[in-house]
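According to my numbering, the sequence shown is numbered sequentially starting from 125.
See structure below.
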Amino acid sequence: MRAAAVLALVLAALATSANAQFSVPEILSTHQVVLPNAGNGAGGSGFKATIQVSNLIGVGYVGVDVTLTSTLGPLTANRELSIRLTPIDRHLPAGRAIATEFPLTFPQGQTEVVLSRSCPKWTIGNSYRIEIVEDGAPLKPYAAEVGNPFPGYAIQSPATVLPNELICNFLLVDTDPKPIGKPADAISFDRPGRAGRSLISRRSPALQTVSLQRLPSDWRLLRDIDCIVIQGDRLLQGDRLDTPTPGQAGGTATAERQAIEAIRDWVLMGGTLVVLQAPDATELARSLQLKLVQQKAEDDGFAALITSVASTMDDSLKRFREVLSSASEPSQNAPLPVAPRILSLPVGDSDSMGGDDLMGGGDSMGGGDSMVILGPSTRERFSEAQLVATGKWTEEVEARIQAFDSDWKQGYRRSVGGGQVVGIPSESIDSLLAFDVLETLIGYRCSTMLTRGVDPIMGDFRSRRWLIPGVAEPPVYTFMGILTLFVLLVGPVAYRWTTRGHRSHLMFLIAPALALVTTAAMFAYSIISDGFGTTVRVRQLTWIDGASGDAIERTRSTLFSGISPRTGLRFAGDAEVMAYPNGGQQRWRDLRSEVGEVRLHADIDADDQWLDAAFLPSRTQTQFVTHQVRRGVGTLSINGLKPFDSSGQVPNARSIELSSSLPFELRDLVVCSPDGRYWSTDSIKAGQTASAGWIPKTQDASKLLGRLYTRHRPVGAVSESGRSQGSRRIRDLVLYVNKEISRNGLVVTDGVFEHWLNESLFVRGELPPGMFIGIGAASPDVVAIADAEQVASVRYVMGTLQ
C-alpha cells in the first residue's frame, strides 16, 4: 500500500510538471518541411518540395504553402501531383478528423510551381502527416510528419487546449507597445480589479508582433486574432501596388495590399482593427474602401469607457501614494529600515489580468479588504532610494494616464459589417491602459467560436432550430391511419367474413398476412415519403458594404439526402466551412482523441472545396455553416433625398426613389435614411429603381422590423445543457465559453451576424441611420449539391446605403 501511494504521488507530480510545460502554439505559428529529406538518404523523383503549414492546433482553417522546384531542369511533360495532409496521433474529437488533398499540376517546361491553399479543420490537434501523391500512390521519399501530439492530460479541460477562445489575442503589425519602464528600485502595487470581467484563470491577453508582409493573404487564417493594431501609414501605403516595400528586401506593395485585403475581410467578419496615427475617419474609410458607420450612442459609450478606465487607474494611483506615504512615516517602535518590494492596495475583487506583469511586480498578493505591506512588520519604513524612485515613477504613470485619456478621446470608433475600427492619434499603443479599453470593446468577440456561432467539435441541441420541416421525422398521422385500417380489416371485416362462412380458422392466416402487409406499407411509406433526392433549407445572411459593393455572408444550410450523393458536397474555395453537429448528448471527457482510420476526406482546388459523401450520411439531416466574402455584389442608394423640415414651411417628401445595382430582387425592404427617417417598399427588382413610402411613426417601423424577423425566426425544441461547473460534464462548448467570458450576463450562441439581426430587428426594433434590410431568394451557389430542392429558405440582405 505504501509503495502504491508513493507511486501515485510520483505520477501526480509528473503530471503537474508536464501540465506546466504544455502550452498552445502561438497563433500564425508555422511548420516547414523540405522533401525529400536529405537526412534519410532517399533519392528524389526529379523535384524538391518546400511545404509550410500554419495554424495547426486550433479549430478553423490550416494554411498550406507549397513550392516545388525541379532538380532536372525544365519538365518535359506535365506531372499531376497532390499534396496530402492527414491527421495522426491525437486529435479531439478523432471522428471529425479530415484528410485533405490539394491537386497540383507541375506544367511542362517550367522549373518551379507554387501553391497556396487553406483547408478546413474541425478538431483540436497539432500532428499531421504530409505526403506527395502521384497516380494515386504516395511518393515514398516525399513524406514527413509535422507537429507534436499534445499529452492526454491536456484534453481533460477545454481551457487547456482552447485558451484562444477565453482570452483576447492581439496582433501588433510593424509596431510595438509603449513600454512601462518601471525603475528597479520602485515599489510595485496591485492594479485594481475591473468590474464586468470574468476571464478564465484571470489570464493576460496574448500579444504577438509580426510584419505586414508576413501576414497571410487569407482572412480565414486570421480568425483566432481578436484585435489587430497597425500604423495608419501602413494601410495607406498598401494602395500603391507598384511601389516596392521600403526597408524590406524583396518585398512588394502587392503583397502588402493582399495582407491589407485579408485584414479588411477579417474586420468585416467580426474583427477589431486599431489604427495608430490614424487619419480622419473619412480618409481611413476611403483607404479601406469601406463604409464606416457612426452612431452617437456608441460614441458616447466609447468616451465613457475611456474615462472609466483612466479614472480607475488614476484613483488607484492616488490611493497608492496615500498608503505609501503613511507606511513610510517614521515610528518610535520601528526596526531598522528594510526594503519591501510590493505594496498591496484595498482594491476589492482583484481580477486584474496582466496587472503584475504590466506594473512590474511578480510577487504581489491578491487584492484584499485591508491594506497590506509585505515584510516582517507593517510599520517598516522604505529606503530613501525606493521612495525617490517610486515618486518619479508614479509621476510618469500619472502623465501616461493623462496622455492616454487625451489621445483616445481624440480618436473614434466606427462599426463596419460584423466588426469595428478604432482610430487614435497615438504613435504606439499604451499597454498600461489601452488593452483594458479594447478588451471591453471586443467583448464576446474574443471567442472565435462565439463570433462564428458554431462549434464543429461537439455541436449542440440548437441545431434543431433550423431543420427541414417534415423530413426524417416519423409520419405519425399516416402511421395511425394505416394501423386503423389494419384494425378494421382484421376485426370487423375479416372476422365477420370468416365466421359467416364457417371458416374462422382462416384468421390464423389472414391476421399475420395483414400484419405483414401493414408493416411493409409503413416501412415503404417512411422511405418513399422522404424521397431519394436531396433537400436543403438555407438561411443566408448577406451584409453589403455601401462604399465598395462587397458583401459578406453567413449561410446556414441543412441538407437531407435519401441516398448519400456519390459526388459529395461542393463549397466555394474561398468560403469558411464548418459542420454544425447535432450535439448536446456526448460529454467532453467522452470524446475520442486517438486517430485511427480517417473517414472524412476533402479535395481543395483553386475554386472549390469538395467534401466526400461521408460528410452527408443517408437519411440524416446534416447542417453546415459557411462564411464567405463576395466581391462587387452591388449597392442600394437613395436618389435626391431632401433634408427634413421640422417647421413645416417646406412640404416634406412622402416617398423617395431607391436605386439598386444588386443582381437579385429585394422584397419587404425597409430603409433608414441618413437623417433617421424610415421608408419601405414591397419590392425592388434587380438593377432597377422603385419608390419607397415614408413611415411617419417609428413605432410602425419597429413593428415592421419585428415581423420581418419573427416570420423567419429559427425556432425548435431545444434543451440546452452544459451549464454544469465541472469540465467533465460539459456537453455544450458554446455555453461553456459564454459562461467563462460573460459580461453582464450576455449570451451569444448564433454568431455576430445573427446576434446583430436579433438585437436590431427583434429586441430594439430599429436600424442605424444609413442602413437597409430586406428579403431575397437564397443564392443557388450556396447549395452544396447542385440539384437539391430548396424548401423553407430565406435570405436576409442588409447593409449600408451607397
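Quick reminder that beta carbons are idealized off the backbone N, C-alpha and C, glycines included.
Note that the structure is predicted; figures quoted are calculated from it, not measured.
Host alpha helix (DSSP H) of residue i (start-end)
i	result
Q232	Here Q232 belongs to no alpha helix (DSSP H), and DSSP marks it neither H nor E.
A261	It is not in any alpha helix (DSSP H) - A261 instead sits in the beta strand (DSSP E) that spans 261 to 270.
T406	405 to 412
P282	282 to 285
Buried or exposed by the 16-neighbour rule on C-beta atoms within 10 Å, applied to residue i
i	result
F632	exposed
D911	exposed
V921	buried
S449	exposed
S628	exposed
Q526	exposed
A428	exposed
V462	Residue placement at V462 is poorly supported in this model, since its pLDDT is 42, which falls under 50; the coordinates are not used for a value here.
D424	exposed
L870	exposed
P689	buried
P593	exposed
G317	Residue placement at G317 is poorly supported in this model, since its pLDDT is 48, which falls under 50; the coordinates are not used for a value here.
N179	buried
Q747	buried
D714	exposed
E289	buried
T367	Annotation note: pLDDT 44 at T367 (below 50); position unreliable, coordinate value reported separately. Exposed: under 16 other Cβ atoms inside 10 Å.
L467	Because L467 sits at a pLDDT of 48, beneath the cut-off of 50, its placement in the model cannot be relied upon, and the following sentence gives the value as read from the coordinates. Buried is the call here.
K264	exposed
I566	buried
S742	exposed
Q664	buried
T652	The amino acid at residue 652 is misidentified as Thr; the sequence shows Ile. Classification for I652: exposed.
F768	exposed
V887	exposed
F896	buried
D674	buried
A379	buried
N-terminal and C-terminal residue of the beta strand (DSSP E) that residue i is part of
i	result
N882	Segment: none, N882 is in no beta strand (DSSP E) and carries neither H nor E.
W818	813 to 819
G547	543 to 548
R253	252 to 258
V190	184 to 194
Y860	Run containing Y860: none in the beta strand (DSSP E); it sits in the alpha helix (DSSP H), 857 to 865.
P211	203 to 211
Y833	Run containing Y833: none in the beta strand (DSSP E); it sits in the alpha helix (DSSP H), 822 to 834.
A330	330 to 334
L782	779 to 784
N763	760 to 763
Residue i vs residue j beta-carbon contact at 8 Å
i	j	result
R445	T518	yes
S555	P287	no
D720	M582	Checking the displayed sequence, the identity of residue 720 turns out to be Gly instead of Asp. No.
T924	G670	yes
I222	L724	yes
R680	V757	no
V398	V334	no
V285	I248	yes
T200	Q232	yes
Strand pairing of residue i, partner residues [DSSP]
i	result
L683	V660, T746
F896	V795, G923
S807	R791
Y277	Beta-bridge pairing links Y277 to no other residue.
Q401	According to DSSP, Q401 bridges with nothing at all.
S628	Beta-bridge pairing links S628 to no other residue.
L159	A173
P244	Y185
C292	In DSSP, C292 forms no bridge with anything.
K302	D554
L665	R678, Y920
Q355	L400
Q914	V660
R837	In DSSP, R837 forms no bridge with anything.
A223	H725
Q | Those runs of the beta strand (DSSP E) which lie wholly inside the region 531 to 597 and span at least 3 residues | A | Counting whole runs of 3 or more residues, the region 531 to 597 contains the beta strand (DSSP E) stretches 536 to 540, 543 to 548.
Q: May I have a chain-ordered list of the beta strand (DSSP E) segments no shorter than 3 residues that lie completely inside the region 694 to 733?
A: As for any beta strand (DSSP E) of minimum length 3 sitting wholly inside the region 694 to 733, the runs are 700 to 704, 724 to 728, ordered along the chain.
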